[in-house]
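Working notes, beginning with the structure itself.
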Amino acid sequence: MPCPAPPSVVPLLLLLAAALGAHAIKLGPKPTGPPGVIVRYRSAAAAAAANGAGAVGTAASGGPAPVPGTTDGQPILPRLNIWRLTVDDGTPAAVKAAEIARRDDVLYAEVDVYVSIAVEHQQPSSGEPAGARTRRRLAATRPAPKAAVMRRAAATLPRPRPPSLMRRRATALRKPPPPKPPSAIAPNDDMYRNQWALPRIKAPNAWTKLTGNTQVLQCIVDTGVMWDHPDLAANLMRMPPEFRAANYDDNGHGTHVAGIMGAVGNNVHGISGVAWKAKLLACKALDAGGWGLISKVVECIDFCRSKGARVINTSFVLTEFNLALRDAIGNGTAAGVFFAGAAGNTDTSNDVENNFPGGYKFPGNVAVANTNSQNVLGEMSNWGRTTVQVAAPGTSILSTYIYPNETTGQYYEYLTGTSMAAPYVSGAAAMAIAASGGRVTNAEVAAALIATSAPLPGLRGKVVSNGIIDLDNLVKWAIARGKQLAAKRTALATPAAG
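In mature numbering (1 follows the signal peptide of the UniProt record, and there is no 0), the protein residues as written are -24 to -1, 1 to 474.
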């Protein structure tokens, strides 16, 4: 579990966003902390023996020898006997990892490396999405028809004949048809008009069937969250003050991701998330500069799993294969968790050089590319015909933020990147699980996201789905699948006649 801050820190952190003013998200310098090694032991007994009573250097009687030159042994995924050790004898971490890996009681040892947020850049603080000003200028230059021309055109049209008396009476006596259910609904949030992505994935159509659910827990492993943001607070899981302080967002990235997934919808103010009503939990694994150690990421993923998360969003990237992160994702998917990860923002093919954690091949784990309002890949989005499963909007995305916008003064901002695309998929997955009554599996949701995507010519051959996620199609599938599974369960529970 993330290290809690002392309760006295809470009031200071709650004032952090208001005190610092406007701020652009950018990747800070890579931290240079004490080198660490992640070790997976063959058994819990071996881990305990090698690390003594939580401090390396005190071997249990008759157990394996302690790891020389290391201190501060801490379990980060106890279920799999994965620990993090700090190297303190001046040996390079890679050399120490190779030394530890040769032990008989160790499955593997590797350097505790850093991951980073997958955001490209902050959009100009214009208070409107990219392209809006251009469209407005073009509209202003179009010549309006002259009144005289309009009057002459109207004069040439045949005048409609008044209906007969009997026809008027028949019309009056006829019962009006029952109103058709709306094919789409929109929330009343005052910034919704700037959320181009939600109509693009057909969220308004899906909302006629379901607007959200507070039973499906969605977890954000990121830079934390602004727990007291007025558009998020009602949808955030209740946690102790010390937890909120330790997991408060000092970067902005995690708060932006959280808003895409589940900002409170239809509350007049601000924006709407994919789900109007949601149950969100944030675990801080990345720092104010957008960097985070694998050991913290693994710890957060296991914490979210232990809290019952059905969906975990991973809007960060690692460009090298990592065993501990693989095991954390694998352990989560085996427990039924769905993961959506950022594909990356280097304008390259993940088929050639993959990114992680989205690149790990587990049922229920998908990588997400970024699309723009023109229905093509975002400028710097990675792709992969076989390695990137789906695509979602990720360019000029308006969402919740920890600093006030330079133009509007409100705590919302536009950001771009596969970091913004992944939470649309996470939110969609949570909606599908809710629509099925909680019955569909993570692997089924991953497959359905691909199968129900709307094909787009600009994405053919770029992602497995060849298109963009379609929330309406996905929710329809989930409702039907949920009914099918419920009927099957009922049939199995009903004793056969005779």
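Even glycine gets a Cβ: it sits at the ideal position worked out from N, Cα and C.
Leaving out five residues before and five after residue i in sequence, what residues of the same chain have Cβ atoms less than 8 Å from its Cβ?
{"i": "Gly420", "result": "Per the sequence presented here, residue 420 reads as Glu, with Gly not at that position. Within the same chain, Glu420 has close Cβ partners Arg457."}
{"i": "Arg281", "result": "Ile288, Asn307, Gly308, Ala311, Val313"}
{"i": "Pro10", "result": "Thr62, Val63, Asp64"}
{"i": "Ala74", "result": "Ala85"}
{"i": "Arg111", "result": "At Arg111 the pLDDT is 34, less than 50, meaning the model places this residue with poor confidence; the figure from the coordinates comes in the next sentence. Here the set comprises nothing."}
{"i": "Pro40", "result": "Residue confidence for Pro40 is low, a pLDDT of 49 falling below 50, so the modelled location carries little weight; the figure read from the coordinates is stated next. Ala22, Ala25, Ala26, Arg79, Asp80, Asp81, listed in sequence order."}
Under the DSSP definition of a beta bridge, which residues are partnered with residue i?
{"i": "Gly317", "result": "Thr290, Ala343"}
{"i": "Pro369", "result": "Thr347"}
{"i": "Phe332", "result": "Leu294"}
{"i": "Val364", "result": "Answer is none; Val364 lacks a bridge partner."}
{"i": "Arg60", "result": "Ile14, Gln50"}
{"i": "Trp359", "result": "Ser325"}
{"i": "Glu86", "result": "Ile14"}
{"i": "Thr376", "result": "Tyr388"}
{"i": "Ser159", "result": "DSSP output for Ser159 lists no bridge partner at all."}
{"i": "Ser92", "result": "Trp267, Val293"}
{"i": "Gly188", "result": "Lys253"}
{"i": "Leu193", "result": "Lys255"}
{"i": "Leu353", "result": "Thr347"}
Between the Cα of residue i and those of the options, spot the shortest distance and give me the residue it belongs to.
{"i": "Leu294", "options": "Ala285, Lys283, Thr322", "result": "Thr322"}
{"i": "Gln50", "options": "Pro68, Asp65, Ser429, Ala24", "result": "Ala24"}
{"i": "Pro175", "options": "Gln194, Val250, Val201", "result": "Val250"}
{"i": "Lys304", "options": "Asn418, Pro158, Ala179, Phe338", "result": "At residue 304 the sequence reads Ala, which differs from the Lys that was named. The candidate whose alpha carbon is nearest that of Ala304 is Phe338."}
{"i": "Ile409", "options": "Ala454, Ala467, Ala179", "result": "Ala454"}
{"i": "Asp81", "options": "Ala406, Pro42, Gly385, Asp278", "result": "Pro42"}
{"i": "Asp166", "options": "Val240, Val95, Pro7", "result": "Val240"}
{"i": "Val416", "options": "Val192, Trp172, Ala160, Val95", "result": "Val192"}
{"i": "Ala285", "options": "Arg18, Gln194, Leu461, Gly434", "result": "Gln194"}
{"i": "Arg60", "options": "Gln386, Trp172, Ile270", "result": "Ile270"}
{"i": "Asn298", "options": "Ala179, Val91, Pro399", "result": "Val91"}
{"i": "residue 489", "options": "Ser372, Thr8, Gly12, Glu355", "result": "Because the chain spans -24 through 474 in this model, residue 489 falls outside it and cannot be assessed."}
{"i": "Glu389", "options": "Pro154, Met215, His229", "result": "His229"}
{"i": "Asn57", "options": "Arg78, Arg16, Glu329, Trp252", "result": "Arg16"}
{"i": "Met373", "options": "Val233, Ser429, Lys459", "result": "At residue 373 the sequence reads Ile, which differs from the Met that was named. With distances taken between Cα atoms, Ile373 lies closest to Val233."}
{"i": "Lys6", "options": "Pro180, Gly268, Ile76", "result": "Gly268"}
{"i": "Met215", "options": "Lys283, Thr384, Asn381", "result": "Lys283"}
{"i": "Asn330", "options": "Asn348, Gly354, Asn358", "result": "Asn358"}
{"i": "Tyr387", "options": "Val87, Gln171, His205", "result": "His205"}
{"i": "Gly354", "options": "Gly393, Gly334, Asn381", "result": "Gly393"}
{"i": "Asn27", "options": "Thr8, Arg18, Asp48", "result": "Asp48"}
{"i": "Ala463", "options": "Gly437, Ala430, Gly413", "result": "Gly413"}
{"i": "Val89", "options": "Glu218, Gly437, Thr8", "result": "Thr8"}
{"i": "Thr371", "options": "Thr362, Asn170, Val87, Pro154", "result": "Asn170"}
Leaving out the 5 sequence neighbours to the left and right, which residues in its chain are closer than 6 Å to residue i when beta-carbon positions are compared?
{"i": "Arg220", "result": "Trp203"}
{"i": "Thr67", "result": "Gly45"}
{"i": "Lys272", "result": "Ala261"}
{"i": "Asp225", "result": "Thr199, Gly200, Val201, Met202, Thr231, Ile378"}
{"i": "Val364", "result": "Ala319, Asn326, Ala343, Ala345, Val439"}
{"i": "Cys276", "result": "Val197, Cys259, Ala261"}
{"i": "Gly33", "result": "Interpretation of Gly33 is limited by its pLDDT of 37, a score under 50 that renders its predicted location unreliable; the figure taken from the coordinates is listed afterwards. Closer than 6 Å at Cβ, skipping near neighbours: Pro42."}
{"i": "Lys178", "result": "Asp446, Leu447, Asp448"}
{"i": "Gly188", "result": "Ala251, Trp252, Lys253, Ala254"}
{"i": "Asn242", "result": "Pro163, Asn164, Trp252"}
{"i": "Leu435", "result": "Ala367, Asn442, Gly443"}
Tell me, to the nearest whole angstrom, how far the beta carbon of residue i is from that of residue j; I am working on the premise that it is less than 8 Å.
{"i": "Thr376", "j": "Leu262", "result": "Going by Cβ atoms, the distance from Thr376 to Leu262 rounds to 17 Å, so no, they are not a contact pair."}
{"i": "Pro369", "j": "Ala397", "result": "6 Å"}
{"i": "Lys255", "j": "Asn211", "result": "7 Å"}
{"i": "Leu425", "j": "Val366", "result": "5 Å"}
{"i": "Ser402", "j": "Ala316", "result": "4 Å"}
{"i": "Val274", "j": "Ile52", "result": "5 Å"}
{"i": "Val451", "j": "Ala182", "result": "4 Å"}
{"i": "Ala411", "j": "Leu186", "result": "5 Å"}
{"i": "Val95", "j": "Leu391", "result": "6 Å"}
{"i": "Ser395", "j": "Ser291", "result": "4 Å"}
{"i": "Val244", "j": "Asn348", "result": "Contact doesn't hold; Cβ gap of about 29 Å is too wide."}
{"i": "Ala422", "j": "Gly340", "result": "5 Å"}
{"i": "Leu461", "j": "Gly265", "result": "Wrong, their Cβ atoms sit about 45 Å apart, outside the cutoff."}
What residues in its chain sit with their C-beta under 7 Å from that of residue i, if we drop five residues either side in the sequence?
{"i": "Gly235", "result": "Asp207, Leu208, Ile247, Gly249, Ser375, Thr376"}
{"i": "Arg302", "result": "Tyr336"}
{"i": "Pro158", "result": "Thr184"}
{"i": "Asn449", "result": "Thr428"}
{"i": "Ile1", "result": "Val95, Gln98, Asn227, Gly228, His229, Leu391"}
{"i": "Tyr400", "result": "Ala173, Ile177, Ile236, Val250, Ala368, Pro369, Ile445"}
{"i": "Ile76", "result": "Val13, Val15, Val43, Val82, Ala85"}
{"i": "Ala430", "result": "Gly443, Ile444, Asp446"}
{"i": "Ser19", "result": "Asn57"}
Please tell me whether, using a cut-off of 6 Å, the distance from the CB of residue i to the nearest non-hydrogen atom of the ligand GTP is below it.
{"i": "Pro380", "result": "What this structure holds is no ligand at all, so the ligand GTP is not there to describe."}
In chain order, which alpha helix (DSSP H) runs of at least 4 residues are fully inside the region 195 to 281?
Those alpha helix (DSSP H) runs which fall completely within the region 195 to 281 and span 4+ residues are 217 to 222, 229 to 238.
If we require 4 or more residues per run, which alpha helix (DSSP H) segments fall completely within the region 381 to 457?
Runs found: 394 to 411, 418 to 427.
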